[in-house]
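For reference, the structure is listed below as structure tokens.
Here you go:
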């Protein structure tokens with residue numbers, strides 16, 4: 001772990017999206033802190049809510065996007081300070097890179113008031129064809145929406 005002085009928390013949310021995510025009892029370990037495996041779930045909740053609010057749906061007949069089947073290919077995380085107890089935390093996420101068949105998010109998990117950076121990392125997802133489960137290109141509509149989350153070129157995100 002790094003010290004709080006080494007983990008900038010003043011990164012402006014001028015890009016990406018910041019969501020409040022609730023930590024529930026089942027997210028805690030025996031010590032009352034969020035279990036390390038649950039951070040991925042916090043990020044997933046934030047990302048999923050974002051896309052649901054923009055018309056994505058698991059059912060292709062209800063989805064605004066053709067990109068229904070997507071899976072996580074890679075998840076990397078660095079933990080800074082544990083989250084103690086239940087309540088709300090903030091998840092700031094953005095798009096680092098949009099490829100033909102995959103995209104990579106960067107993220108910070110921070111306190112609700114953004115004063116404490118608890119963890120940071122990246123998450124890469126891949127679009128799959130529902131019939132073959134092979135990688136296929138993202139739709140133009142999905143890529144256009146994803147670009148709204150892009151981190152501006154040259155802007156370094158500390159943490």
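In UniProt numbering, the protein residues as written are 1 to 159.
Backbone N, C-alpha and C fix where the C-beta goes; we use that ideal spot for every residue, glycine too.
A quick note: this is a predicted structure, and the numbers were derived from the prediction, not measured.
Can you give me the C-alpha to C-alpha distance between residue i and residue j, rounded to a whole angstrom?
{"i": "residue 106", "j": "residue 41", "result": "15 Å"}
{"i": "residue 98", "j": "residue 127", "result": "12 Å"}
{"i": "residue 152", "j": "residue 53", "result": "23 Å"}
{"i": "residue 101", "j": "residue 141", "result": "14 Å"}
{"i": "residue 24", "j": "residue 38", "result": "10 Å"}
{"i": "residue 26", "j": "residue 35", "result": "9 Å"}
{"i": "residue 110", "j": "residue 49", "result": "18 Å"}
{"i": "residue 122", "j": "residue 94", "result": "9 Å"}
{"i": "residue 19", "j": "residue 78", "result": "19 Å"}
{"i": "residue 245", "j": "residue 71", "result": "This structure does not reach residue 245, given that the chain is present from 1 up to 159, and the question cannot be answered."}
{"i": "residue 17", "j": "residue 73", "result": "21 Å"}
{"i": "residue 143", "j": "residue 104", "result": "12 Å"}
{"i": "residue 14", "j": "residue 147", "result": "14 Å"}
{"i": "residue 12", "j": "residue 90", "result": "For residue 12, the pLDDT reaches just 48, beneath the cut-off of 50, and the residue's location in the model is therefore unreliable, although a value from the coordinates is still provided. Each residue's alpha carbon lies about 13 Å from the other."}
{"i": "residue 44", "j": "residue 134", "result": "22 Å"}
Where do the ends of the beta strand (DSSP E) carrying residue i lie?
{"i": "residue 134", "result": "Segment: none, residue 134 is in no beta strand (DSSP E) and carries neither H nor E."}
{"i": "residue 108", "result": "102 to 111"}
{"i": "residue 34", "result": "Counting along the chain, residue 34 falls outside any beta strand (DSSP E), and DSSP gives it neither H nor E."}
{"i": "residue 121", "result": "117 to 127"}
{"i": "residue 19", "result": "17 to 23"}
Report yes if the CB atom of residue i is closer than 8 Å to the CB atom of residue j, and no otherwise.
{"i": "residue 130", "j": "residue 68", "result": "yes"}
{"i": "residue 32", "j": "residue 84", "result": "yes"}
{"i": "residue 21", "j": "residue 88", "result": "yes"}
Between which two residues does the alpha helix (DSSP H) carrying residue i extend?
{"i": "residue 142", "result": "140 to 147"}
Validate contact between the region 108 to 126 and the region 48 to 63 using beta carbons, cut 8 Å, 3 pairs: No, the region 108 to 126 does not touch the region 48 to 63.
Continuous beta strand (DSSP E) assignments of at least 3 residues falling wholly in the region 48 to 100: Taking 3 residues as the minimum length, the beta strand (DSSP E) runs contained wholly in the region 48 to 100 are 70 to 79 and 87 to 98, in order along the chain.
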